[in-house]
Each structure stands twice: as structure tokens, then as C-alpha cells.
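Asker: In this note's numbering, the protein residues as written are 1 to 142.
Glycine is no exception: its CB is placed at the ideal position from the N, C-alpha and C atoms.
Can you read through this structure? Questions will come right after.
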């Protein structure tokens, strides 16, 4: 079935755009990974994807604090007992939205990163980091 599904999404990338060989990204709840159709080892690639995305391996990743890619792993009672944050993480992922497109994205990301890091490491009080973040984000758009 995995091979059939992979074949079904093979052409979803669509036509090449422009002269640089770019194609639209596959975007589907059923497509978390992809392979180049003309790759030398397509069969091995499919096997690897199936291996990595198997419930057993995703549970193993979750045990090591890596977020699993399978929703079912977030509902495993044993894993939830070991990692109580899994329920909150699943909810956050289910409600995630892409960040708004902005020509100032790099500056906004830097403002968030620098100030969140300062607050987390304790080098700046949280209130000051939030104020500095707000100022830096406002300045990014000017």
C-alpha cells in the first residue's frame, strides 16, 4: 500500500517553474516524505521511509524526546506517562498555523530568538525580554 500511495503522489509536485528546476512542494496530510522519482535507489528509499515512520520507531524517537510524526504515538499511555507533555505537544501541532508572510521575517525571527534566549538563560528578566522583543519586532518593519 505504501508504494501505491507513493506512486499516487509522485506527480503532485507539478510542473517545473521557471529556469531553476523548482517545483511546488508536496503538501498533503498523506505525504510526510518524498523521493525523487528518478533516484537510483527508489525501492531502498521507500523501505527507509517506512522504517523511520513505523509506529515502533516513532515510539522509540518519542522515548528519546523527539516529536513523533505519527498522531497515534501521541496517544500511547506508556509514553504519556514517561513524557506528560506529549498531549500538549499533539494539541499544539494540531492547531499550528504557518507564520504570516513578511518581508521582515528574518529580522522578526532574530528578535524572537535573541530575546527568548535571553529570557530562558536568565541573562535578562522575562518582562525586559518581552519589551525588547516587541521593540525589535516593531523596528523590523520600519
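Let me make sure I understand the geometry here. Which of 70, 116 and 59 has the alpha-carbon closest to that of residue 78?
Answerer: Cα-wise, what sits closest to residue 78 is 59.
Asker: Can you say whether residue 111 is buried or exposed, counting buried as having 16 or more other CB atoms within 10 angstroms of its CB?
Answerer: Residue 111 is buried by the Cβ-count criterion.
Asker: Alpha helix (DSSP H) containing residue 77: first to last residue?
Answerer: Segment 77-82, the alpha helix (DSSP H) holding residue 77.
Asker: For residue 80, I'd like the list of residues in its chain whose CB is within less than 7 Å of its CB, leaving aside the five on either flank, ordered along the chain.
Answerer: Correct list, in chain order: 86 and 87.
Asker: Taking the alpha carbon of residue 143 as the reference point, which residue from 120, 140, 122 and 115 has its own alpha carbon closest?
Answerer: The requested residue 143 is not part of the displayed model; the chain covers only 1 to 142.
Asker: Can you look up residue 50 in the DSSP assignment and give me helix, strand or coil?
Answerer: Helix, per DSSP.
Asker: Since residue 62 and residue 108 should fall inside the 8 Å C-beta cutoff, what is the C-beta to C-beta distance between them, to a whole number of angstroms?
Answerer: About 31 Å separates the two Cβ atoms, so there is no contact after all.
Asker: May I have a chain-ordered list of the alpha helix (DSSP H) segments no shorter than 4 residues that lie completely inside the segment 60-110?
Answerer: If we require 4 residues or more, the alpha helix (DSSP H) runs fully inside the segment 60-110 come out as 77-82 and 86-94.
Asker: Considering just the uninterrupted stretch of the alpha helix (DSSP H) at residue 132, what are its terminal residues?
Answerer: Per DSSP, residue 132 belongs to the alpha helix (DSSP H) from 126-140.
Asker: If you drop the 5 nearest sequence neighbours on each side, which residues of the same chain put their C-beta closer than 8 Å to that of residue 65?
Answerer: Result list for residue 65: 83, in chain order.
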